[in-house]
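Residue numbers (the working numbering), protein chains in the order written: chain R, 1 to 358; chain H, 1001 to 1503; chain F, 2001 to 2334; chain X, 3001 to 3356. Everything below concerns the one structure shown next.
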Amino acid sequence: MTSMWRRFLALLMVFGLLTAACGSDSDSSSSSSSESASSSSSSSSAEEEEPAEEFKIGLVTDTGKVDDKAFNQSAWEGATSGAAQIEGATTDYIETEESKDYANNIQLFLDDGASVIITVGFGLGEATIEAAKANPDVLFIGVDQFQGEAIPNLAGLVFEEAKSGFLAGALAGMLTKSNIVGAVLGTDLVPPVVFFKEGWENGARYTNPDVQTISTYHPGGLDVAFGDPEWGATTARQALDQGADIIFGAGGATGNGALIEVATEDGALCVGVDWDQWGTVPEAHPCLVTSAMKDIVKGVSDLLVAAKAGTLTGGNFLGDVDIAPYHDFESMVTDEMRATIEEVRAGLADGSINPMPE
Amino acid sequence: MSDILLGARNVSKRFPGVLANNDVSVHLEKGRILALLGENGAGKSTLVNILFGMYRPDEGHVIIKGEKVDLRGPDDAISRGIGMVHQHFQLVPPMRVVENIVLGAEPIRRGLVDIAEARRRVVELSQGYGLEIDPDAVVEDLPVGMQQRVEILKALYRNADVLIMDEPTGVLTPQEADHLLGVLRELTQTGLGVVFITHKLREVLAVADDIVVLRNGEVVGQTTPDETTESGLAEMMVGRSVVLRVEKSVAEPGDVVLKVDKLSVEDDRGQVALNEVSFEVREGEILGVAGVEGNGQRELVEAVTGLRDLSSGAMKIGADEFTTGSVRQISEKGVAHIPEDREKHGVIGVYSLDENSVLNRYHRKPFSIRGLLRRDVIKRHAEGVVEEFDVRTPSTSVPVSSLSGGNKQKLIVGREFSDDIKLLIAAQPTRGIDIGAIEFIHRRILEQRDKGAAVLLVSAELDEILGLSDRIAVLYDGQIMDVVDAQEANREKIGLLMAGITD
Amino acid sequence: MGQVVKLQQKRLLYMGLIAVLVLIWFFYRANGPQTTAVLAGTVRAATLLALGAMCGMIGERSGVVNIGIEGQFLLSAFAAFTIASMTGSLFMGTIAGVGMGLLMGWVLAGMAVGLKVDQIIAGTVLNISALGLTSFFYDRSRSLGMGKYTNIDLGPLADLPLVGTVLFSRPPLTYLTMALLVVVHIALFRSVWGMRTRAIGEHPGAADTVGIDVIKLRYFNVTIAGGLAGLGGAYLALEAVGTFSRAMSGGRGFLALAVMIFGRRTPFGAYAAALFFGFTTALQNQFQLNSTFDIPPQFVGMLPFVVTIVVVALSGLIGSMRDPAALGQTYEKG
Amino acid sequence: MSRSLLRTISIPVAAVVIGLLIGAVLIVTQDASPATAYKALLIGGAGDSDAILRTLQKATPLIFGGLAVAFAFKAGMFNIGGQGQLLVGAVFAAGVGFGIDGLPMVVHLPAALLAGAIAGAIWGGIAGGLKATTGAHEVIVTIMLNFVAGNLTDWLAANPWKDNSGSNIVARTPLVEDSAVIPTLGAVPVGFLLAVVTAAICWMVLERTTFGFEVKSVGHNRHAADYAGIRVGSIMAMTMAVSGLLAGLGGAVESLGVDGRFEAGVNVGLGFEGITIALLARANPLGVVPAALLVGLMEAGAARMQFKSGVAPELIDVIQALILFLVAAPIILRWILRMRHDSSEQVQLGAGWGKS
C-alpha cells in the first residue's frame, strides 16, 4: 500500500513540476501562442510599424474545421483576405466541436474584445442574433444566415444557391452527350443543398429539354450525410454505370467522394459546389469542369472592409453566385455555350429566369 | 530405474494457501497399471498435471523413461510419449472424430491437412487395437463411451507409451467400466504403461498392479491388490476407519408428492432427452435415479424443477399440475433443489454468503418487503445456516467463491433445508467433495426423509444410490428401464439396466 | 440425421441461387443499364463489408470478439492515405494500411488476450481511439495527386454484357478481396492453421492438451485479422474514395459484424450476406435516382438497418447458427 | 471502508493523470505549452459561474448516458445504443414540450420528461425484447437502432414537427413551451440535479431492491439466476428498457433544459460517450457522476483551450481514449504503480454473441 502511494505521489509531483515549470511563463505564452495562431494567416506583417487601434476579427466555425475545403474554409479565407485590406487587423478562429457550444464560442471572442465576429453556417443563426442583440457595440457577420428582422449590428451574408446550381445545370445540359446528368447530394434536411439541386435540374432542362436528371440524397441522418465519401463515390459510380456523363457532387466530403470517383471515368465530367473546387479537390482535376459557386470569400472580405469603414448595416447581403472557371476544360466549352451561359446569367440577374419555379 | 516409464521424484507443488503436493514420489513400470487413489483434493490431479507437463513442480522432478526431464508443457510430454485421457474430455465437440484425433499432429500434404491420410491412419489404429470407431462421425453426436475411445485413440495416435486415465469410469456403466478395464489390461500387453486415477476402491482392486494412495498432498501408502482390501484402502484414503454403508431405518412411505406422467423433454439441441417417463415419489421415501450420465437425468431434474419446458406429458406436485416450467411456482410448493452443477447453478461466486443464502428466497418475506431487501434479516439468516450446517468461513460477508467445494455444497444444502420441504430434488449432491462432507450431507438427506419429505435422488455414483435409496429407477436413453426395490437391487442388476439390457 | 438437414439446406441454397440468377436475367432484359449499375454498386459496397467480416470471423473462430473493426478501418484508412500521399505510391499506402491494421490487431490482442480486458470493451477502446487520433492528426492539405486505384479490365471477360462490368472490370483491391475470400476459406477449413484456429475457438482447453499454444495462436490470429481490416481501410481510402475524411468509415465496421454473423462465420457466407446488404444500399439509391417512390430518403435509408435487425432476430429464432463455444472468454492455462 | 474506497478510485484517478500527461506530450508536438493549454481548459470549464454552468450542462447527458450503460452492464449486457435512445427521448420530449400548451408546469414538464423516458425505454426495450425472445445480440441490434433513430428523428424534425416560424430553414422543432422548460438555479441547471438524483436512485435500485438483486444475478451468473427462479429473459428485456429509459431521459433533459427544442444533428455522439463514462466509473452508478463531471469539464474547456493555446479540441477525444484504455486494462496501471492485484478491478461483460 505505502509503496503504491509513494509511486503515485511521485507521479503527481512530476505532473506538478511540469505544470509549474511551464506555468512560470504561462501568461506570456498564452498571448503569444494565440497570436501565433493568428499571425500566420493575418496581415500583421505589412503595416506593423504604426500600431493603429486594434481591429480584432474573430471567426466561429460551424461544427467542422477551418480547413474543411468547404464553407468554413472559404469564410476563413474571406476573413484573412479582408483583414489584409485593413490596417491593424488580427484574425483568429475557434472550431466548434459541438453545436451546443455556438454561444460559448462567440462569447470567447466577446470576452477577448473582438470588433467583428464572423459566424459560419445557418446553424449559428440564432446564437448570433442573441449575441448581436446583447452586444450592440460589436459587429457580426453571419454567413448563410438569413435575417428575418434587421438587427443594426448584424449582417447576414446569404446566397441564392439555386441560381448557382441553375448555371451549372445549364452548362451540364449543353455538355452532356448521353442526355443523362446525375447529382449526388448531402441531405435534404439542409435547404441550401435542396436549392442547389433544384436549380441544377432546372438549369439542365432549360438548355436541354431532353435531359434526364437523376439525383440522390444521402439516406442517412444529418450526422453522417456530409461525411460519407464512400457512399458518394459508390452512388456516383452507380449513376455513371447507367449512362450519366456529368455528375454534380454537392455535400461536403460525401460530394467530394463523388467528384473523385467521376475523375476515374474517361470522358465523364463533374461539377463541384460552394466554391471553385479545383483548388480544394485536386484529385478531381481530370473531370472538374466547373463548380457551382457562392463567393463566400469575397462576401466576407467585402463586409469586413465595410465594417472597418463603418458602413456596415444590418440586414441581408446577397453574396455573388456564379460558376467557377473551366480550367482544363476551357476548350470543351464552345463559344456558343458561353453565349448561352451569358444569356442565362443575365436572365437570372434580371429575374426573367426563375431557377426554382413553383 | 531404467524400467521406469514415468515417475515423479520428491515432487512438491504449492498454490496460494495450499500445499497441493508434498514430497511425492511414484513410478510406473512398463506394461503395468498404476492406480492413484485418493479423495477429492488429495492432490491426484495436481500430480497428474505435473506428470503431463501442465504444471511445473516447485521442487523435485519428473522422470520419463529413466531420465530426469523438465517438461515445458503438454506438447513436450506428448512428444515424450505421454498420453492423457482427461476426466472432462478434451475434445472439440463440433469437429469430426478424425479431426479431433489428429489435431495438433496433423498429416500435411501440399500445405493443407491431409484428411485422407489422417482417416487411413485412424482406421488402421482403431482396428489394430480393437477400438472400432467411425472416423467421420461428429464428436458431439457420439455417446460418452465412444468419446472416451476417441480420447484413447488420440493418445495412441501420438505413439503414447504411457496412458494417464483421469477418473475414466465415472461416466460409464459398470459393464462399460469393466470393458474399459479389460481394454486397458490388453493395452499393457503391448508394453504400454497406464496410470489410473480414481476414487473407486473396487476398480483399483480389480485392475491395478500397483497402488499409491494420496491424502492431503502426500503419499500415505503404497501397496498392491493382493496385500489390501476395500476397507483397508478406504482407511488409508481417509485417515480413519469409515463406515462404507449408510445406516438407515426402513422407509414409511405416505401420500404421493411427485407424480410424473408420460413426461417427454428435449435437450438443448432439440433432441429427445426423456421419452414418456412415468414415476411417482411418496412422502418419506427416497427414489434414487441411477444411470450413466447423459441418459436424461439432467433433463429430468430440470423438467421437474421447472428449468426446462415439457414437450408432452404432465407432472403433479401435491395437488397442483404443471405443464410449463416455472421455477418459482414450483419452489413455492415446497420443493427444494440441490443442483447438479453447484458452480453453474447453485451459487453466484461473486456474491457473499449472505446473498447466496437467499438466492432463491430473496423475494419472500421476511427477506424483502415490497421489493426492498432487508439486509439485516438476510445476514441473520445466513449466519444461522452457517452455524447449523457447519459451513467453514471467516464471515458471511466474504464472496462464496472463496469457499471450498464441500463448504459451498453445505451452504447450498443448508439454504435448501432451511424451509419445510415437501419434495427434495437432489442431483449429484456429493460430487467432488470430501468424505466428511459426504457423510454429513447423506445424514441430512435421510433426516429430511424421516421428517416426511419425498426425495428424488439423482446420482452417477451407484454406491450412493444403493446406499440411500428406498426404490431405484434406472434411466437409459431417456427411458426408465425399471423401478426396483432397494432390497432387491445389487450392482450387477442395476448395471445391466443402466446398459439398457432387460431380461 | 444432421446429414439430411445439411442436404436439405444445400438444396435450398442452390434453389435460391438459381432463383436469384433468373431474377437478374429478367431484370437485365427489362433494363440493362440500371441492372448493371445496381449490381455493380452491390459488388462494390460488398467489398469493404467482406474484408471486415473476414477480420471478425478469424477473431471469433479463435474465440475473440472484435467490435473494433470500425476503428481498424478508420485508422488504417488514415495511415494508407497519409503514406500514399507522402510517397506518391498507392502501393506503399496499401502496405501502410495493412500495417496499421496489423498493429491495431496486435493491440487488440494485447488487451483482449494478453491483458484479459473484456473483449467488447477492448474493441470499444479501439473505436474511440481511432476517431480521436485521426481527427487530431489529420492534415487536410494532403491529397492523392496520382488519383486512386482505377478499374483493371480482365481482358475479353470485361467486355461481356452485365458480368463484364459487374465482376471483371474492377479495381485491384476488389480482386484481391475476392481472392482472399478463397484463400481464407481454404485456410480456415482445410489448413492446419484453420483446424487449430477452430479448435481454440470451440475448446481452447482441448487444444492446449494437444500442445497448441492457445494464447500465441489467438495473438497471431487477431493480429492477422487486423491486417484484413487494414486492407479494408486501405481499400476505403485508396480505392473506394480516393481521399480521407473524418469518420469516413461511417459504421461499416459494425455492419461487417452483422454480415459475418449472418454469413455464419464463413467467407463465402459472409460475402453473400455482404452482397445482400450492398444490394439493399444500391437498391435504395436506385429508387431515389428513378424517383420510384415518393418517400423521404430518411425512410428508404433505414432499409439496410431494419433488414439487419430482422435477419439477426430471425437467424436467432431459427437457431441455425451457433457461436464458437469459447467466444468472448479469456483463456487461462490449467 | 475508506481503504477500499481509495482502492476503488485509485485506478481511475491514475488513469486520468497519465492520460493528461500523455496529452501534454501531444500538446508539445503541436508546438504549444501544456501548462497554457491545461490552464485554459480548467478556466474554460470551471473558471467562473458561466464555465461551471457549461460543465454541468455537458455533464448532465453524460451522467444519463453513463447510467444507461452502467445499468445494462450490471445484467451483463452492453447497451451501445445510447445514442439512438437519447435521440428518440429528445425528440419526443420536445414533441410533448411544444405540442401541448396551456398546461401548468407541474404537469407539463413531468409529462414531457416522461414522454422522452418512455420513448427511450421502448427503443432500448426493442433490443432487450429481441435478445430475450430470439437471442438477437443487443450490440448489433442497438447499433442498427442508432441508425434508424437518427433517420427517424431527423425526419420528424424536418417534416411533421418542423418549426415553420419566421425564416427558419433548419430541421428542428419549435421551441418548447415555457411550462416545459427545465429551469436553471444560478450556475446549476436543474437537469443536472435530476441526473444526480437519478444516479442515486439507480444505486438504490441495484443495491437495495429485489429487482436490482435479480439484475445483478443475471449479470453475474445467468444459470444460477435461472435456477433461483428469476425470469432471465424478462429481466434482460427490462434491464434494456431501463437502460433505454435512462438514455431517453438524458435526451429529454437535453431538449427541455439545454436546447429548448429538438434540432437534427445537434446531439451527435452524446449517447456514445456514456460508454466512456460507465467504464471510467467502473459501472458504479455513483461513480458515474464524478466521471461525467470530469469529461464534461474537459469538453466545456476545450474551446477555450484552442483559443488560448491553439491546440485542436480533438485532443480531448485522444485523452479520453487513453483514459478509457488505462481503466479497461488496469494491469498496465498496476504495473506502473506497483499495485497489488484486485480481482474486482476488471469489468467483465461475459462477452460473446451467445444466446444462452
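We treat Cβ as the ideally placed atom computed from N, Cα and C, and that holds for glycine.
Would H:Gly1041 count as contacting chain F if we go by Cβ distances under 9 angstroms? Taking Cβ atoms only, chain F never reaches closer than 9 angstroms to H:Gly1041, which makes this a no.
Is H:Glu1355 close to chain F, meaning its C-beta is less than 9 angstroms from at least one C-beta of that chain? Taking CB atoms only, H:Glu1355 has no neighbour in chain F less than 9 angstroms away.
Ends of the alpha helix (DSSP H) at F:Tyr2175? Here the alpha helix (DSSP H) through F:Tyr2175 covers Pro2172 to Arg2190.
Look up R:Cys270 in the DSSP assignment and give the residues it is bridged to. For R:Cys270, the beta-bridge partners assigned by DSSP are R:Ile247 and R:Leu288.
Return no unless some Cβ of chain R is closer than 9 angstroms to the Cβ of F:Ala2240. Output row for F:Ala2240: interface = yes.
Three Cβ pairs or more, each shorter than 8 angstroms: is that satisfied between the stretch 3057–3069 of chain X and the stretch 3249–3256 of chain X? Verdict: yes, contact present.
Name the chain F residues that come within less than 7 angstroms of X:Met3144, Cβ to Cβ? Per Cβ cutoff of 7 angstroms: Phe2305, Thr2308 and Ile2309.
Just confirm the distance between the C-beta atoms of X:Gly3116 and X:Ala3090, as a whole number of angstroms; I'd bet it's less than 8 angstroms. About 7 angstroms separates the beta carbons of X:Gly3116 and X:Ala3090, which is inside the 8 angstroms limit, making them a contact pair.
Would you call the CB atoms of R:Ala268 and R:Gly251 closer than 9 angstroms? A distance of 9 angstroms or more separates the beta carbons of R:Ala268 and R:Gly251.
Could you tell me which of H:Val1212, H:Leu1187, H:His1199 and H:Asp1178 sits nearest to H:Ala1206, measuring between CA atoms? The residue from H:Val1212, H:Leu1187, H:His1199 and H:Asp1178 with its alpha-carbon nearest to that of H:Ala1206 is H:Asp1178.
Report buried or exposed for H:Ser1231, applying the criterion of at least 16 other Cβ atoms within 10 angstroms of its Cβ. Residue burial annotation: H:Ser1231 is exposed, with fewer than 16 other C-beta atoms found within 10 angstroms of its C-beta.
Against chain R: residues of the stretch 3240–3269 of chain X by CB proximity under 8 angstroms: Those residues of the stretch 3240–3269 of chain X that come within reach of chain R (Cβ to Cβ, closer than 8 angstroms) are Val3258, Asp3259, Glu3263, Ala3264, Gly3265, Val3266, Val3268 and Gly3269.
R:Met293, DSSP secondary structure in three states: Strand at R:Met293.
Counting pairs of Cβ atoms below 8 angstroms between the stretch 3123–3134 of chain X and the stretch 3071–3082 of chain X, do you hit three or more? Yes: the two stretches touch, three or more of their Cβ pairs being nearer than 8 angstroms.
9 angstroms is my cut-off, CB to CB: does X:Gly3354 come that close to chain F? For X:Gly3354, the predicted model reports a pLDDT of 41, less than 50, meaning its position is unreliable; a value from the coordinates is still stated below. With 9 angstroms as the cut-off, X:Gly3354 counts as an interface residue toward chain F.
For a contact defined as C-beta to C-beta under 7 angstroms, what are the partners of X:Ser3217 on chain H? The answer, in chain order, is Ile1348.
Whole runs of the alpha helix (DSSP H) within the stretch 151–213 of chain R, excluding any shorter than 4 residues: Taking 4 residues as the shortest admissible run, the stretch 151–213 of chain R contains the following complete alpha helix (DSSP H) segments, listed from N- to C-terminal end: 161–175 and 191–207.
Alpha-carbon spacing of F:Leu2017 relative to F:Gln2009, whole angstroms: Put simply, the backbone Cα of F:Leu2017 is about 12 angstroms away from that of F:Gln2009.
Return yes when the C-beta of X:Glu3314 is under 8 angstroms from any heavy atom of the ligand SAM, and no when it is not. Absent from the structure shown: the ligand SAM. Ligands present: none.
CB X:Leu3428 to CB X:Gln3083, shorter than 9 angstroms? There is no way to answer for residue 3428 of chain X, as the model of chain X reaches only from 3001 to 3356.
When R:Gly314, R:Gly299, R:Trp278 and R:Glu87 are compared against R:Gln147, the one with the closest alpha-carbon: When each option's Cα is compared against that of R:Gln147, the closest is R:Gly314.
Measure from the C-beta of F:Ser2135 to each C-beta in chain X and report whether the shortest distance is under 9 angstroms. Taking Cβ atoms only, chain X reaches closer than 9 angstroms to F:Ser2135, which makes this a yes.
Below 7 angstroms CB to CB, which residues in the same chain sit around H:Arg1298 once its five sequence neighbours on both sides are set aside? Excluding five sequence positions before and after H:Arg1298, the CB atoms of its chain that fall closer than 7 angstroms to its own CB belong to Glu1340, given in chain order.
Starting from the beta carbon of X:Gln3306, find every residue of chain R whose beta carbon is closer than 7 angstroms, and list them in chain order. In chain order: Ile94 and Glu95.
F:Asp2153 burial status per 10 Å Cβ neighbour count (16 or more: buried): So F:Asp2153 counts as exposed.
When we look at the beta-carbon of H:Asp1470 and count the other beta-carbons within 10 Å, is it buried (16 or more) or exposed? Counting of Cβ neighbours within 10 angstroms places H:Asp1470 among the buried residues, the total reaching 16 or more.
Please work out which residues of its chain come closer than 7 angstroms, Cβ to Cβ, to H:Gly1538, disregarding the five sequence neighbours upstream and downstream, and give them in chain order. What the structure shows of chain H is the stretch from 1001 to 1503, and residue 1538 of chain H is not part of that stretch, so it cannot be assessed.
Let's see if you can read the secondary structure: which residues bound the beta strand (DSSP E) around H:Lys1333? Neither: H:Lys1333 is in no beta strand (DSSP E) and is coded neither H nor E.
If you run the structure through DSSP and keep just helix, strand and coil, what is H:Glu1029? Reduced to three states, the DSSP call for H:Glu1029 is strand.
Can you list, in chain order, the residues of its chain with a C-beta nearer than 6 angstroms to that of H:His1337? Leave out the 5 residues immediately preceding and following it. Once the five neighbours on either side are set aside, the close Cβ partners of H:His1337 are Thr1305 and Ile1425.
Closer than 9 angstroms, Cβ to Cβ, to anything on chain F: give me those residues from the stretch 97–128 of chain R, in chain order. Listed in chain order, the positions of the stretch 97–128 of chain R with a beta carbon within less than 9 angstroms of a beta carbon of chain F would be empty, since no residue qualifies.
Spatial distance of R:Ser44 from R:Ala89 (CA atoms): For R:Ser44, the predicted model reports a pLDDT of 39, less than 50, meaning its position is unreliable and no value from the coordinates is stated.
Residue range of the beta strand (DSSP E) that includes H:Asp1261: Here the beta strand (DSSP E) through H:Asp1261 covers Val1256 to Glu1266.
Residues of chain H with CB under 7 angstroms from X:Phe3073, in chain order? Under the 7 angstroms cutoff, chain H gives no residues; its nearest Cβ is about 14 angstroms from X:Phe3073.
Need the endpoints of the beta strand (DSSP E) that R:Asp322 sits in, please. Where R:Asp322 is concerned, the enclosing beta strand (DSSP E) stretches over Val321 to Ile323.
Three-way DSSP call (helix, strand, coil) for F:Leu2075 in this model: Shown here, F:Leu2075 sits in a helix according to DSSP, grouped into three states.
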